[in-house]
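First the structure, in the form of structure tokens, and then the observations on it.
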Amino acid sequence: MKKIKSPADLKKIKDEVREKMDGKETIRIKVHMGTSGLASGAREIYDFLRLELEKRNIQASVISTGDLGYSYAEPTLEVKRPGEEPVVFGNVDKLKADEIIENYIKNGEFVDGILPSNYQTIQ
Amino acid sequence: MAREKMQILICGGTSCSDKQSEIVSDNLKLELEANALENDVKVVRTGCFGLCNLGPIVKITPGDVIYTHVSPDDVREIVSEHIMKGQKVERLLYKDPSGKIKSSTEKELSVKKKQLRIVLRNCGVIDPENIEEAIANDAYEALGKVLTEMKPLDVIKIIKDSGLRGRGGGGFSTGLKWEIAYKNKADQKYVVCNADEGDPGAFMDRSVLEGDPHSVLEAMAICGYSIEATKGLIYIRAEYPLAIARLKKALEQAKEYGLLGKNIMGSGFDFDIEIRYGAGAFVCGEETALIHSMEGLRGEPTVKPPFPAESGFMGKPTNVNNVETFACISPIILKGAQWFASIGTEKSKGTKVFALAGKINNVGLIEVPMGTTLREVIFEIGGGIRNGKKFKAAQTGGPSGGCLAEKHLDTPIDFDNLTAAGSMMGSGGLIVMDEDDCMVSVAKFFLEFTVEESCGKCAPCRIGNKRLHELLEHITKGKGTLADLDRLKNMCHVIKDTSLCGLGQSSPNPVLSTLENFRGEYEDHVTIKKCPAGKCKELMEYFIIEANCVGCTACARICPVGAITGERREPHLINPSICIKCGACMEKCKFDAIIIQ
Chain Y
0 MKKIKSPADL KKIKDEVREK MDGKETIRIK VHMGTSGLAS GAREIYDFLR LELEKRNIQA
60 SVISTGDLGY SYAEPTLEVK RPGEEPVVFG NVDKLKADEI IENYIKNGEF VDGILPSNYQ
120 TIQ
Chain E
0 MAREKMQILI CGGTSCSDKQ SEIVSDNLKL ELEANALEND VKVVRTGCFG LCNLGPIVKI
60 TPGDVIYTHV SPDDVREIVS EHIMKGQKVE RLLYKDPSGK IKSSTEKELS VKKKQLRIVL
120 RNCGVIDPEN IEEAIANDAY EALGKVLTEM KPLDVIKIIK DSGLRGRGGG GFSTGLKWEI
180 AYKNKADQKY VVCNADEGDP GAFMDRSVLE GDPHSVLEAM AICGYSIEAT KGLIYIRAEY
240 PLAIARLKKA LEQAKEYGLL GKNIMGSGFD FDIEIRYGAG AFVCGEETAL IHSMEGLRGE
300 PTVKPPFPAE SGFMGKPTNV NNVETFACIS PIILKGAQWF ASIGTEKSKG TKVFALAGKI
360 NNVGLIEVPM GTTLREVIFE IGGGIRNGKK FKAAQTGGPS GGCLAEKHLD TPIDFDNLTA
420 AGSMMGSGGL IVMDEDDCMV SVAKFFLEFT VEESCGKCAP CRIGNKRLHE LLEHITKGKG
480 TLADLDRLKN MCHVIKDTSL CGLGQSSPNP VLSTLENFRG EYEDHVTIKK CPAGKCKELM
540 EYFIIEANCV GCTACARICP VGAITGERRE PHLINPSICI KCGACMEKCK FDAIIIQ
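One line per chain: the protein sequences are Y and E, in this order.
Counting along the first sequence from 1, when you hit position 73 you're at 72 in numbering that gives the first Met the number 0, and nothing is skipped either side.
Counting along the second sequence from 1, when you hit position 499 you're at 498 in numbering that gives the first Met the number 0, and nothing is skipped either side.
Here's what the structure looks like:
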């Protein structure tokens, strides 16, 4: 890790990380783990995913983020398959997580419980 | 090949479900089966697309084609044309008011969505414990721009021009606040972030700190540069352990990367941030009380002026802003004042985050442009009232706000409209109430909170609110008179006019607004001694309908005080003088023979 000494240094890190994120061929999974997510059991889903993906030999990165705002449907998680738009699933329990791995992560086949993004964003 | 499989997504949000989206989904499955396509095409029910006024929505992938206003009769055509021949059904595509087909994919239609995320831009998107992900999503870019290309007054001008107003409740111009702090010269100044989120039902600040802490740290540094302060303090309640942990981690990483500390990005500007913990007192959200609490004194407010911008923390000029206000800063710097000012209403610019709570289907955080109506927020984004009940009131602004009634549903929400309607923006908690809620009890509930949270320094707040609460208690027990309603109103005005700080000045709002909008309900409590919503225990009576009672004795057996008598197979009777109104009998009765009167 280098110290950022100028806006140019900052831009360099930004470009590097972006490239790493965009070019990544692996599946990226985000488990939304703010207070409301955790209160509904997001930690369990996070651990389950990490364990099962490894067991089933699926290359994917699992990270934890803050809440997405869908408190009524917690725990929620987002799956981004390479080159595709991310998809968010709500009310995920272990059974649902298993279904998501088998159907969506492996084959790109949707399962019930998708939460379409209902907002515009500046990002 | 798996990717090529067609999938049909149907909106299952409450609003679309009302419009027969379920039948559309069933018809689709039948139609696919009829054409032996059920193994090739998958039908999936989803949550709300945020396009409720165009619903029911059907989306088909690959291609992301969106069909709007789909009725059960349209299904056959969708299957025969789109699914089997690959031709879009043009008449179901979205048309603009002139009747032209403008957009057919979800991306193109997203501008129609009611929510716009500025403050929540990175929440749930980045890993809050990884500064590089934040940097990849534009964090600290605005700080770099400010430090290398702008002078403090340039920054202040942008913030002023953007029209940003404080999101903590007051709604004071943020740019002006910074300017005053800038003009007060001193050897040391402070930037304070108010993360003492105290309104019951509000959790937007917590979510921002948990999901995107760097947005706040960066904005504090920008503020520090603008007002020439080198020290920042975040006042956060100790009840937010996760937010604190993520803030600490973010601070550590920002310092490690040289984005906080000495000589930031080679500009010669030093800025450091520390965390201070609050014990969760509501009054400490008031800026002078907050400052005293940070100084180690009692969390009590003092008279303004002097404003913190003149004499704040340790007697030095201090600028206090709320978490959500800070989260707006970087996008304003990067996208410009004009961009921000183009969103919202004439006097309230930008977006506002609301925490939807209460009897609403989609409880959660939403962010909408200022000027969105209450109806859009509750019925389109929020999915309407739970269990199909009727909307009665929406409480905004927490214990300092008021209750808005049905007549306010189409009022555009902004600072001034809410104040005019007898409520206030507050920090953005929005509690929805349905027909089963008693407005007198609601007012009493909020007052209970203020009575408990009053710091006790000034008499109107300490004694007045207590008396106000007693009067309400009186009324809900059926001991009130019509004259009490006038006394209630008078007392409210006295407390409002004479209290020292914002807490006391706004604490009667829930009472005043419910008195104004739901006077009939108060009158029922004092004249005919009835609670129309059936919430006030002392005013209701359990009653057995003779015709429905089969004499099964279940109620008599469950009654804990033996208030129910009657022979087997004969109608029973409740003795009201013994009944404690616990409701056990009503729950037990299988014949709907027990009602509340």
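Glycine is no exception: its CB is placed at the ideal position from the N, C-alpha and C atoms.
Nothing here was measured: the structure is a model prediction, and the numbers come from that model.
(1) With Cys402 (chain E) as the anchor, note down where its alpha helix (DSSP H) starts and where it stops.
(2) Who are the near neighbours of Gln596 (chain E) in its chain, counting only those whose CB is closer than 6 Å to its CB and skipping five residues on each side?
(3) What residues of chain Y sit near Val43 (chain E), judged by a beta carbon separation below 8 Å?
(4) Short of 7 Å Cβ to Cβ, which residues in the stretch 103 to 120 of chain E face chain Y?
(5) Residues of chain Y with a CB under 8 Å from the CB of Met264 (chain E): which are they?
(6) Identify the residues that DSSP records as bridge partners of Met5 (chain E): which are they?
(7) Buried or exposed: Lys79 (chain Y), going by 16 or more other Cβ atoms within 10 Å of its Cβ?
(8) Skipping 5 residues on each side, what residues in its chain have a beta carbon closer than 6 Å to that of Thr60 (chain E)?
(9) In chain Y, what lies closer than 9 Å to Asn4 (chain E) by C-beta?
(10) How would you label Val450 (chain E), buried or exposed, when you count the other beta carbons within 10 angstroms and need 16 or more for buried?
(11) With DSSP as the reference, label Ser571 (chain E) as helix, strand or coil.
(12) What did DSSP end up calling Cys558 (chain E) once you bin it into helix, strand or coil?
(13) Mind listing the chain E neighbours of Tyr103 (chain Y)? Cutoff is C-beta to C-beta under 9 Å, in chain order.
(14) Grab the span of the alpha helix (DSSP H) containing Gln337 (chain E) for me, first residue to last.
(15) Since Ser505 (chain E) and Asp413 (chain E) should fall inside the 8 Å C-beta cutoff, what is the C-beta to C-beta distance between them, to a whole number of angstroms?
(16) Please state the DSSP three-state secondary structure of Thr67 (chain E).
(17) Could you tell me the alpha carbon to alpha carbon distance between Thr513 (chain E) and Gly401 (chain E), rounded to whole angstroms?
(18) Using CA atoms only, rank isn't needed, just tell me which of E:His407, E:Gly463, E:Lys351, E:Val493 is closest to Gly425 (chain E).
(19) Assign Met0 (chain E) to one of three DSSP states: helix, strand, or coil.
(20) If we ignore side chains and look at the alpha-carbon of each, how far apart do Thr45 (chain E) and Tyr118 (chain Y) end up?
(21) Taking the beta carbon of Lys443 (chain E) as the centre, do at least 16 other beta carbons fall within 10 Å, making it buried, or is it exposed?
(22) Note down, in chain order, each residue of its chain lying with its Cβ closer than 8 Å to the Cβ of Arg42 (chain Y), except the 5 sequence neighbours on either side.
(23) Would Gly612 (chain E) pass as a contact of Asp198 (chain E) if the rule is Cβ separation under 8 Å?
(24) Under 8 Å, do Ile573 (chain E) and Ala562 (chain E) count as touching if we go by C-beta distance?
(25) Got a sec, what are the start and stop residues for the beta strand (DSSP E) Gln114 (chain E) sits in?
(26) Mind pulling the chain E residues with CB within less than 8 Å of Arg17 (chain Y)?
(27) Just verifying my parser: in three-state terms, what is the DSSP assignment at Ala237 (chain E)?
(28) Please go through the same chain and pick out, in chain order, the residues whose beta-carbon is closer than 8 Å to the beta-carbon of Arg2 (chain E), but skip the five residues on each side of it.
(29) Between which residues of its own chain and Gly349 (chain E) is the CB-CB distance below 7 Å, once the five residues before and five after are set aside?
(30) Between which two residues does the beta strand (DSSP E) holding Leu653 (chain E) run?
(31) Here's a check: name, in chain order, each residue in its chain whose Cβ is nearer than 6 Å to the Cβ of Asn361 (chain E), leaving out the five neighbours to either side.
(32) Give a yes or no on whether the minimum CB-CB distance between Gln122 (chain Y) and chain E is below 8 Å.
(33) Do the CB positions of Ala180 (chain E) and Asn321 (chain E) come within less than 8 Å of each other?
(34) Output the distance between the C-alpha atoms of Leu37 (chain Y) and Gly65 (chain Y), rounded to the nearest integer angstrom.
(35) On the premise that Leu67 (chain Y) lies in contact with Ile44 (chain Y), defined as a C-beta separation below 8 Å, what is that separation, rounded to the nearest angstrom?
(36) What number of angstroms, rounded off, separates the C-alpha of Lys388 (chain E) from the C-alpha of Lys150 (chain E)?
According to the structure shown:
(1) First-last for Cys402 (chain E): 401 to 403, but that is the beta strand (DSSP E), not the alpha helix (DSSP H).
(2) Glu540, Phe542
(3) Phe109, Val110, Asp111, Ile113
(4) Ser109, Val110, Lys112, Gln114, Leu115, Arg116, Ile117, Leu119, Arg120
(5) Ile3, Lys4, Ser5, Pro6, Asp8, Leu9
(6) E:Val40
(7) buried
(8) Gln6
(9) The sequence as given places Lys at residue 4 (chain E); Asn does not occur at that position. Within chain Y, the residues near Lys4 (chain E) are Asn106, Gly107, Glu108.
(10) buried
(11) It is worth fixing the name first, because residue 571 (chain E) is His in this sequence and not Ser. Here His571 (chain E) sits in coil by DSSP.
(12) coil
(13) Correct list: empty, because the minimum Cβ distance to chain E is about 10 Å.
(14) 336 to 340
(15) The Cβ separation is near 18 Å, so there is no contact.
(16) coil
(17) 7 Å
(18) E:Lys351
(19) Because Met0 (chain E) sits at a pLDDT of 33, beneath the cut-off of 50, its placement in the model cannot be relied upon, and the following sentence gives the value as read from the coordinates. Three-state DSSP puts Met0 (chain E) in coil, outside helix and strand.
(20) 15 Å
(21) buried
(22) Met32
(23) The structure shown has nothing for residue 612 (chain E), since chain E only spans 0 to 596.
(24) yes
(25) 114 to 116
(26) Ala135
(27) coil
(28) Summary for Arg2 (chain E): the model assigns pLDDT 41, below 50, so the residue's position carries little reliability, and this model does not support an answer.
(29) Ile117, Leu163, Cys327, Phe339, Ile342, Gly343, Met369
(30) Lying before the first or after the last residue shown, residue 653 (chain E) is absent from chain E, which here runs from 0 to 596.
(31) Gly381, Gly382
(32) yes
(33) no
(34) 10 Å
(35) Not quite, the Cβ-Cβ distance comes to about 14 Å (not below 8 Å), so this is no contact.
(36) 55 Å
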